[in-house]
Every structure is written in C-alpha cells, then in structure tokens.
Amino acid sequence: MLVRFREDVINLKPKAVVILAGTNDIAENTGSYDPDFTFGNITSMVKLAQANNIKVVLASVLPASAFRWRTSVQDVPNKIMQLNERLKNYAREQKLVYLDYHSALKNDQNGLSEDMAPDGVHPTPAAYKIMASLAQEALRKVLK
Numbered sequence: 037m038l039v040r041f042r043e044d045v046i047n048l049k050p051k052a053v054v055i056l057a058g059t060n061d062i063a064e065n066t067g068s069y070d071p072d073f074t075f076g077n078i079t080s081m082v083k084l085a086q087a088n089n090i091k092v093v094l095a096s097v098l099p100a101s102a103f104r105w106r107t108s109v110q111d112v113p114n115k116i117m118q119l120n121e122r123l124k125n126y127a128r129e130q131k132l133v134y135l136d137y138h139s140a141l142k143n144d145q146n147g148l149s150e151d152m153a154p155d156g157v158h159p160t161p162a163a164y165k166i167m168a169s170l171a172q173e174a175l176r177k178v179l180k
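For the sequence shown, the positions run 37 to 180 when our numbering is used.
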C-alpha cells in the first residue's frame, strides 16, 4: 500500500483519506508478519498525507478470527488487537480521527460473523453499510 500511496492518494489531491491497512500483512500474504514494519508503513502513509495537506482518518484493522487460506497464521485476533491498540494510541498522540471498525463489527470471538463476512475476512454489503456510516461520521469530523 505504501508503494502505491502517491499514485492512489496523493496524486488525486483529496481533502481527506481513510487509511485502513494491516490485514494482508497479518495474514502473511506477502511474507512473514512484522508488527513494527506494518505499523511503520501505516505511519509513513499518515505522514505523506499530512505533508500533502490531506486530512487523515486512521482506521482500525477489521476483526478476523483466522485466515482460511493461511491456516499456519496463529493468534490472529490478538495480532489484530495489538496493532489496533498501537494505531489508536498513535491517532491520539497525533490528534487524528480514529475510526474503530473493529469494535463495531466484531463477534464474541473477535472475528467477523458469517453475515458480515462469509469467509471471515472480506466484508459483505451489510458490513460495508455499517462501515460506510462510521466512515462518513469520521470524515465529517476531519473535514469540519
């Protein structure tokens, strides 16, 4: 995501951006998960946006209890919650709007229920409806 940030965000000159990142890293889709590397990439995107006068909404990683395509990845809910805690603290320190999708969507196993994500990861239209409402409110805050 960081590699594409200039082309996909900065060059479009938006007033604001919602940064939602980390799931693919935790799922080890591109290699071993390194929480510091992931956090560093996210904070780099924040800094790039700010340097280009783009307001930032920093979103939590969505809940997931496991990655069915990568069963070797263990302790998924805790990895997500740990990254989310770092993101929340960073947002507070930097005076960013923090968008907590995780709390709004999680089930009792800190994952996504079947109606929110049949594969446990990718949101359904019902989940996106909840996310859209939360994102709109967060964007209103940063654009006021």
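Backbone N, C-alpha and C fix where the C-beta goes; we use that ideal spot for every residue, glycine too. Values in this document were obtained by computation on a predicted structure and should not be read as measured data.
Residue i (DSSP reduced to helix, strand or coil)
i    : result
L56  : coil
V82  : helix
Q178 : It is Val, not Gln, that sits at residue 178 in the sequence shown. Helix.
A153 : coil
V92  : strand
L123 : helix
V112 : helix
L48  : helix
L135 : strand
L148 : strand
Residues of its chain near residue i, where Cβ-Cβ distance is below 8 angstroms and the 5 sequence neighbours each way are ignored
i    : result
R106 : A63, E64 and N65
A52  : I90, K91, V92, V93, L175, V178 and L179
Integer Cβ distance of residue i from residue j, believed to fall under 8 angstroms
i   : j   : result
L56 : A95 : 4 angstroms
Proximity test, residue i beta-carbon vs the ligand GDP heavy atom, cut-off 7 angstroms
i    : result
F103 : With respect to small molecules bound, the structure shown includes none, and the ligand GDP cannot be examined in it.
Do the stretch 107-127 and the stretch 65-85 touch if we need at least three Cβ pairs shorter than 8 angstroms?
yes
Can at least three beta-carbon pairs, one atom from the stretch 127-143 and one from the stretch 97-111, be found at a separation below 8 angstroms?
yes
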